[in-house]
Structure formats: C-alpha cells, structure tokens
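Have a look at the structure below before the remarks.
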Amino acid sequence: MDAGTDISVLASALPDRDGPALRLGARVFPLRRWMARRHAVVGAEVAVTASLLDQLPTGPTVVIVVAPEVAADTVVDQLLPAAHGMLDGAPGGALTLGVASPEAVRTGKTAGKLAMYNQHLDALPEALVEAVVAGRRCGLVTAHGNCVLLLQHFVPATASAVVHVSPTRQRPVRIDGRWGLTEASSPADTFEVPADGTTISEKLAWKPTAHVVAHGGTHTVSLPVSWRYRYSLGRGTVRQLATLSRNAAAIAGRPLSLDVALGTQGPVVLRCRPTTG
Numbered sequence: 437m438d439a440g441t442d443i444s445v446l447a448s449a450l451p452d453r454d455g456p457a458l459r460l461g462a463r464v465f466p467l468r469r470w471m472a473r474r475h476a477v478v479g480a481e482v483a484v485t486a487s488l489l490d491q492l493p494t495g496p497t498v499v500i501v502v503a504p505e506v507a508a509d510t511v512v513d514q515l516l517p518a519a520h521g522m523l524d525g526a527p528g529g530a531l532t533l534g535v536a537s538p539e540a541v542r543t544g545k546t547a548g549k550l551a552m553y554n555q556h557l558d559a560l561p562e563a564l565v566e567a568v569v570a571g572r573r574c575g576l577v578t579a580h581g582n583c584v585l586l587l588q589h590f591v592p593a594t595a596s597a598v599v600h601v602s603p604t605r606q607r608p609v610r611i612d613g614r615w616g617l618t619e620a621s622s623p624a625d626t627f628e629v630p631a632d633g634t635t636i637s638e639k640l641a642w643k644p645t646a647h648v649v650a651h652g653g654t655h656t657v658s659l660p661v662s663w664r665y666r667y668s669l670g671r672g673t674v675r676q677l678a679t680l681s682r683n684a685a686a687i688a689g690r691p692l693s694l695d696v697a698l699g700t701q702g703p704v705v706l707r708c709r710p711t712t713g
C-alpha cells in the first residue's frame, strides 16, 4: 500500500441514533504537515505534532479519525489493515496505539486522561474498539466530535523521558527520566536545564522496577541492583532533549509535553502535546 494514501471507511450509525444507514465512519491518514491546519478534525495534539514534523525525531505514525456516532466495531476490520499497511516497512512485533488529546493538557499530566496501549497486531482490534469507547467516555473528542487515535511501531526503549518545556527561554526545561517505558506511577529521575544549558539540576530517584513491553501489553520487571540508584539519562542526552524540545516549543509558540523513547537509535518522540502552562 502507498504510504501516502488516505483511506475512508463507510459505516452504519450507532443503533440508537437516527440518521442515514451508511455514513463516513472513519478515515486513516499518515501523519502529514497539512494536519497542522485542521485542528477541528484531528485535535490539538495531532495538529501541533504535524507542525513540528521537520523539528522532531518522530517515527512513522498513522492517524485514525473515527467519526462521531459511529460504532468502532463496525469499522475496525477495514481500519486496521489500512492503518498497518501505512506504517513504513510494517515489521512484526508490538505496536503502540494511543488516544490523541483534542485540547491542551494540564502541565505535568503527560498523557492527559489516557495513556498509550502497547499491543501485538493480533490484539489490536479489541484495543482499537476499547480506545474509541474510552476516549468518548472521557470526552476526548475534537470540535467535530471525532475520536482520534495514533498508531505507531513500538519503539524498544532502554529508558524513556517526559519533557516539559515552555517557549519562554528564561524558564528551565524539566525532564523526567525512567528506565524502560513511561508510566506515571513509577518513580522518575528529574532534571532541570536552564536556558544557558550550563548547570543541570539533578534529582536521583530510587527505581527498583521498570515497565517493559510484553505480549498483549506491558509488564513490570525488577531492575538489577546496580541500576536501581543510577541516573536513567546521561547529561549529554538531557542536554540533547532540552535543546530539541526548546526549539520545538519556540516554533509552536506554546508550552509542550513530549514523551520520548530512548533506544539504540537515539531518541524518538512518541507524543507531542500542547500544555496549558
């Protein structure tokens, strides 16, 4: 399938709704810059990320837009082959599915109301349906009523980081670092990088466990003793993340929260959400 192709899926409306028997049910798009101008369709997170594609080290990402009053289970069989085919190379293994934030999230709440789901391909149909239901229940819909999902290859991460950054250069960049995957409930090392990038403020956390990918999701593992009280991010990585994030916030003209996976190929930005301050 052409990675630049857009796919539309027809679907029936929800049984308890009046309306035409068939309507536009969902659309599947590769993440592209034109989405920066379609806030009402794709929401704040996708629009801001699209505007920064030339600035951030992102991986191939597919945007799934499920129209309002459409039952997700009626379109999932058409959606997933189209979405999976758009991921360049489409290797096997785990995929990451997330509900995109339609509005700016509160600073410090990295994933807004919902986090990401790490799944293997055979578990994605159920995960997609559940994600749409959960997104609607939490009010995570755009001005047009769309529930917007993001699908990516899972990025194996030795460590992960959440970066909070303001376009105001006088404010330091804050970075929370963890071994393994980002989980809000797990302890994190914290770093603050001032505008001049010279003296980094560091706070080391005791990290006895880490979250890693498993078939059908994630699981918690015990860390070697030597890793438990050791910084998850080196100073070079901290400075690199601070610089790319500060530049992104300056271009976006608003504060951002970035979820970053750190593996053998360097940092990959998984999510880029505008924040409220």
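Residue numbers for the sequence shown, in my numbering: 437 to 713. We treat Cβ as the ideally placed atom computed from N, Cα and C, and that holds for glycine.
Comparing alpha-carbon positions, which option in the options lies nearest residue i?
| i | options | result |
| --- | --- | --- |
| Asp-625 | Lys-643, Leu-617, Glu-619 | Lys-643 |
| Gln-491 | Gln-701, Leu-576, Thr-635, Ile-687 | Ile-687 |
| Lys-639 | Thr-645, Asp-632, Glu-628 | Glu-628 |
| Leu-586 | Arg-474, Pro-691, Val-501 | Val-501 |
| Val-630 | Trp-615, Pro-623, Trp-663, Arg-605 | Position check: residue 630 holds Pro in this sequence, whereas Val was assumed. The candidate whose alpha carbon is nearest that of Pro-630 is Arg-605. |
| Trp-615 | Gln-676, Ser-658, Ala-570, Ser-537 | Ser-658 |
| Leu-560 | Thr-711, Cys-708, Thr-656, Val-511 | Val-511 |
| Thr-578 | Trp-663, Ala-519, Ala-483, Pro-691 | Ala-483 |
| Thr-618 | Ser-693, Thr-485, Gly-521 | Ser-693 |
| Ile-636 | Trp-663, Arg-675, Val-599, Arg-666 | Arg-675 |
Is it buried or exposed, residue i, if we count other Cβ atoms within 10 angstroms and call 16 or more buried?
| i | result |
| --- | --- |
| Val-591 | buried |
| Trp-470 | exposed |
| Arg-610 | buried |
| Thr-673 | buried |
| Ser-622 | buried |
| Val-498 | buried |
| Arg-468 | exposed |
| Cys-574 | exposed |
| Glu-481 | buried |
| Pro-608 | buried |
| Thr-679 | exposed |
| Thr-485 | buried |
Run the proximity test for residue i: is its beta-carbon closer than 7 Å to any non-hydrogen atom belonging to the ligand PLP?
| i | result |
| --- | --- |
| Pro-710 | Questions concerning the ligand PLP fall outside what the structure shown contains, since it holds no ligand whatsoever. |
Verify whether the separation of the beta carbon atoms of residue i and residue j is less than 8 Å.
| i | j | result |
| --- | --- | --- |
| Trp-507 | Ala-462 | The question names Trp, but residue 507 is Ala in the sequence shown. No, the Cβ-Cβ distance between Ala-507 and Ala-462 is not below 8 Å. |
| Leu-531 | Leu-557 | yes |
| Gly-495 | His-580 | no |
| Val-445 | Gln-555 | no |
| Val-696 | Ala-597 | yes |
| Gly-428 | Ala-593 | Nothing in the structure corresponds to residue 428, since the chain is present only between 437 and 713. |
| Val-716 | His-655 | Nothing can be reported for residue 716: it is not among the residues displayed for the chain, which extend from 437 to 713. |
| Ala-540 | Thr-645 | no |
| Arg-684 | Ser-602 | It is worth fixing the name first, because residue 684 is Ala in this sequence and not Arg. Going by C-beta atoms, Ala-684 is not nearer than 8 Å to Ser-602. |
| Val-704 | Pro-493 | yes |
| Val-535 | Leu-488 | no |
| Ala-570 | Leu-533 | no |
| Val-599 | Ser-668 | no |
| Ala-519 | Val-464 | yes |
Checking the sheet assignment: what are the DSSP bridge partners for residue i?
| i | result |
| --- | --- |
| Asp-695 | Val-598, Arg-707 |
| Glu-638 | Phe-627 |
| Ser-444 | Arg-463 |
| Ile-500 | Val-464, Leu-585 |
| Ile-611 | Val-599, Phe-627 |
| Gly-702 | Gly-699 |
| Thr-532 | Asn-554, Gln-588 |
| His-520 | Bridge partners of His-520: none, in fact. |
Original post:
Where are the beta strand (DSSP E) runs, 3 residues long or more, that stay fully inside the region 649 to 685, in chain order?
Top reply: Listed in chain order, they are 653 to 658.
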